[in-house]
Each structure stands twice: as C-alpha cells, then as structure tokens.
Amino acid sequence: MKKIVRAATVPESLNTFCRGLLRELSEKYEVVAVSSPGKQLDAIAEREGVRTIAVPMARHIAPLSDLKSLWQLWRVLRRERPTMVHSMTPKAGMLCMIAAWMARTPIRVHTFTGLVWPTATGIKRRILMATDWITCACATHVVPEGEGVKHDLQTHITRKPMRVLGHGNVRGIDMDHYKRTTARTPRQQRSDSAFTFVFVGRIVRDKGINELVEAFDRLKQEHADVRLVLVGPREDNLDPITPATAARIEAGNGIEAVGSQPDVRPFYEDADALVFPSYREGFPNAVIEAGAMELPSIVTDINGSREIVIEGKNGTIIPSHDATALYHAMKRWVEDPALVDGMAAQARELIASRYEQGYVRQCLRDFYDEIL
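Note that our numbering gives residue 798 to position 35 of the sequence shown, counting from 1, and the numbers run on in steps of one.
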C-alpha cells in the first residue's frame, strides 16, 4: 500500500478541507496527516482513522521558526518515506515542498487554495511571490483550485503545467447537509418581513467588511426593514477592520454580529441573500454553501467568486473595493423581490451540478490514480 502525506499549516485547515476525505483515501493508501499541533489534529486522528504527526509551523513570515519547521519536516519525510506529499495552505506548501524535494519524495503536489500576494504591496508582495515560486519549483504537480488562480500563477509565478480538477474547489459540498429544513417562502409573499443579508467568513478588512458596512448604512437610511447578519470571527491582530466599522457593528441598528458558529446553516436559512465582497479568494466555500441553501449571492469580481456565480442566474458580480457598487446591488435586490426569487430558484441546482462533494472527491481520486 502506497503511503501519502497530506499536510496543512494548521489542523483547522485539514479539518475543514479534508473532513471525511482522509478516511476515504485510507481505504486505498496509507495516509499520514501533518500539521501544527492542536486539539483538532488529535480529533482528526480519531475521526478519520489515520496517523497524524505534529510539526509546528508559523502562519506568517518567521525566518528562524520556518527553518526549524523545515528541518523537522525533512526529518519526518526521511523517516516516513512516502510516495507522495500533498500540501495545501501557503506556509505548509513552501515548507513541505522544499522538505519533500530535499528528502527526494517522488511525487510532490501542492494545491493553491488562494493567493495572498495579489492584495499585498511592496517588499511583502515580493516575498510572498517568491515563496509561491519556490513552492512551484519544488513541486512535481501544481493544482490551482480554480481557473482564476491558475491564470495568476501562470502569468506571474511559473510556466509549469498545471490543471484545475473538475470545475475547481477542493472541498466540494455535501448537498444533503447543506439543505433547507423548510421550503423557502418567496420574497414576493413576504413583503412585511425584513430583507436579510448574511455574510459568512472572517470579519476582516480583506473580506470587504469596511465596504459592506458602509453600503449597508447607506441602504438602511432608505429602507428601515433591512438586516445584515455577520457570521464569523474578528481577527483584529491579523487584518483589522477600521475603528469606525468596528464601532458601527457594535452599535447594531440593523447589523447583528454573531461571531463564529459551529453550524452556519440556520443563518443561511433565515436570510434572503449572501453578500460576499471579498478582495481575494481561492474558491470561497461560503458562496457554494449559500447556493446549496437556495440563496443568491452578491460577490466581487475576484478569483473563485466569479467562477461560482453566473451573472443573473444565481447572483450578481460587482467590482471589489467599491462600496457604491455594493450599495446599488443590495438596493436593487431589496426593491426587486421577483429578481431575487428567480435567482434563488436556480441557485441550488447550479451548485449541485458543479460542486457536489462526491464529484469533487472523485476528480481528486482520479488524479491520484493517474500520478501514482
């Protein structure tokens, strides 16, 4: 039985992207999961029935810490001698691909679930681009999560051949899990209820939260019966929103911040639309989840989002960093319930046809069969 190592910087990433997948893969391969230590890594071992190895890895640029992690990863790979190492997330990608190249692991795969450098500037941008170049140089196979990520990599980082698996997305969606418990009542039949927008993700600058709150405030002045529900954690130490935005969220008046939630489905079910004005993504799961829950989405014209949303079918696409465009899109949806109902009626079928979890995982298994 061939041995494969699946690696990510933190166990939360393995828990999110590989839930159930590691158990499936272990039916055919000896699977070892590697990430920084944590309770979730222990939970993965128990739930997935695979062996796990903890190697501390910093999420951000930390030269001394990174060298120590690289040394530990090299020692792990020399000891384990897997046939393949498959990494995801930026730091694990660079460190694992270098370590696997040094250990002479035959097959070295990295999946780019998103690119950080497009929204960075100055020396930080150059460093981030260099790390992606190193990752690609050491990998034998590069898998971009979507066509947008593939285009950016081939334009700015490497000419190495690469391909998107299926329609993109590395996780897929369980359509039985993300399913409404009650039939959706059309907006046209609920004129007396507030129009609710939901955002699901980290409450940080890069997710477009500053523009979202600005657009909502403008909309609230014209339509008293609108709500905005923010589902996700604040990360003020990593990518803070402005003090004015934070104060506005805390003040309420139509905005409800509920923090991280173990189950986001009730928030999708209670909403009329997802609004997701992110600056950058690989392939946003929130947009896929919302579609499966029969919600149309307002998204920005960025990688991933523009591949999931078909204009006028299951949502609309606006420029990023543009609070005015976001306001106009939200205003149009509030004032045109027939438009929202029409897109909601198509949303779930479009998601199922492209991103159903079984199909996405089969694409990965076929890829493994081919390269192994």
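Note that beta-carbon positions come from the ideal geometry of N, C-alpha and C, so glycine has one too.
Being a predicted model, the structure only gives us computed values, none of them experimental.
Among the options, the one whose alpha carbon lies nearest that of residue i
i     : options                     : result
Q1024 : R934, R997, Y1042 and G783  : R997
R934  : G971, K913 and R1117        : R1117
H823  : M1056, V967, N778 and T772  : T772
P869  : K765, E910 and I1061        : K765
S954  : E809, G856, I1065 and V1103 : V1103
V906  : S1068, G1045 and V1050      : G1045
E790  : R1128, A855 and E1133       : R1128
A1115 : G1017, V797, D829 and Y941  : Y941
P819  : D980, P800 and G812         : P800
T1008 : A1086, E843 and A821        : A1086
W896  : T884, D915 and G885         : D915
W880  : Y1042, F1030, E977 and E809 : Y1042
A1110 : Q984, I1051 and E1070       : I1051
P1047 : A770, R769, P774 and T779   : T779
Y1122 : I936, R844 and A987         : I936
P774  : K923, A806, L784 and R786   : A806
E811  : H1091, L784 and K923        : L784
Opening and closing residue of the alpha helix (DSSP H) in which residue i lies
i     : result
H919  : E910 to H919
S1068 : S1068 to I1071
F780  : P774 to F780
K1094 : A1086 to E1098
V976  : I972 to E985
I1004 : Counting along the chain, I1004 falls outside any alpha helix (DSSP H), and DSSP gives it neither H nor E.
F1130 : Q1120 to I1134
T894  : G885 to C901
L785  : L784 to L788
Contacting residues, own chain, Cβ-Cβ under 6 Å from residue i (five flanking each side not counted)
i     : result
V1021 : V994
F960  : L991, A1036 and V1038
L1113 : N1077
E1074 : I1080
H930  : R1117
V967  : E998 and D1002
W864  : C901
P1040 : G971, E974, L975, T1063 and L1089
T921  : C899
L788  : V794
A821  : S828
P949  : D1104
Between the CA atoms of residue j and residue i - distance to the nearest angstrom
i     : j     : result
T945  : G1105 : 18 Å
Q1125 : L928  : 10 Å
E910  : T876  : 11 Å
A893  : D969  : 21 Å
R782  : S1068 : 23 Å
V1027 : V963  : 8 Å
L878  : M1093 : 28 Å
P853  : A1101 : 42 Å
R888  : V839  : 31 Å
H873  : S956  : 47 Å
T884  : H1084 : 16 Å
M938  : S850  : 26 Å
E1019 : R1011 : 10 Å
L836  : L777  : 17 Å
P1029 : I886  : 43 Å
L858  : P1006 : 36 Å
R814  : S798  : 12 Å
D988  : I1004 : 25 Å
A770  : V848  : 7 Å
A1107 : W1096 : 12 Å
Beta strand (DSSP E) segment containing residue i, residue limits
i     : result
I1065 : Per DSSP, I1065 belongs to no beta strand (DSSP E) and is neither H nor E.
R990  : V989 to V994
R769  : K766 to A770
G1078 : G1078 to I1081
V1050 : Segment N1048 to A1055 is the alpha helix (DSSP H) holding V1050; no beta strand (DSSP E) there.
H904  : H904 to P907
V963  : F958 to V963
Beta-carbon proximity list for residue i, same chain, < 8 Å, skipping 5 on both sides
i     : result
K913  : P907, M925, R926 and V927
T846  : K765, K766, I767, T868, P869, I870 and L1135
N1016 : K983
Close Cβ partners of residue i (< 7 Å) along its chain, the five nearest in sequence each way excluded
i     : result
E1032 : R943, T944 and M1056
R841  : A866
I1134 : I870 and H904
A1049 : V963, G964, L1037 and F1039
A1053 : Y1031, L1037 and S1060
I816  : V795, V797 and V839
L833  : L858, I861 and A862
Legend entry - Any beta strand (DSSP E) of 3 or more consecutive residues that is wholly inside the stretch 1009 to 1039: If we require 3 residues or more, the beta strand (DSSP E) runs fully inside the stretch 1009 to 1039 come out as 1018 to 1022 and 1036 to 1039.
Inset, instruction - Tell me the start and end of each unbroken beta strand (DSSP E) in the stretch 830 to 878 that is at least 3 residues and wholly inside, in chain order. - result: DSSP runs (the beta strand (DSSP E)) wholly in the stretch 830 to 878: 847 to 851 and 870 to 875.
Inset, instruction - For the stretch 794 to 835, list the beta strand (DSSP E) runs that are entirely contained and at least 3 residues long, ordered along the chain. - result: Runs of the beta strand (DSSP E) inside the stretch 794 to 835: 814 to 817.
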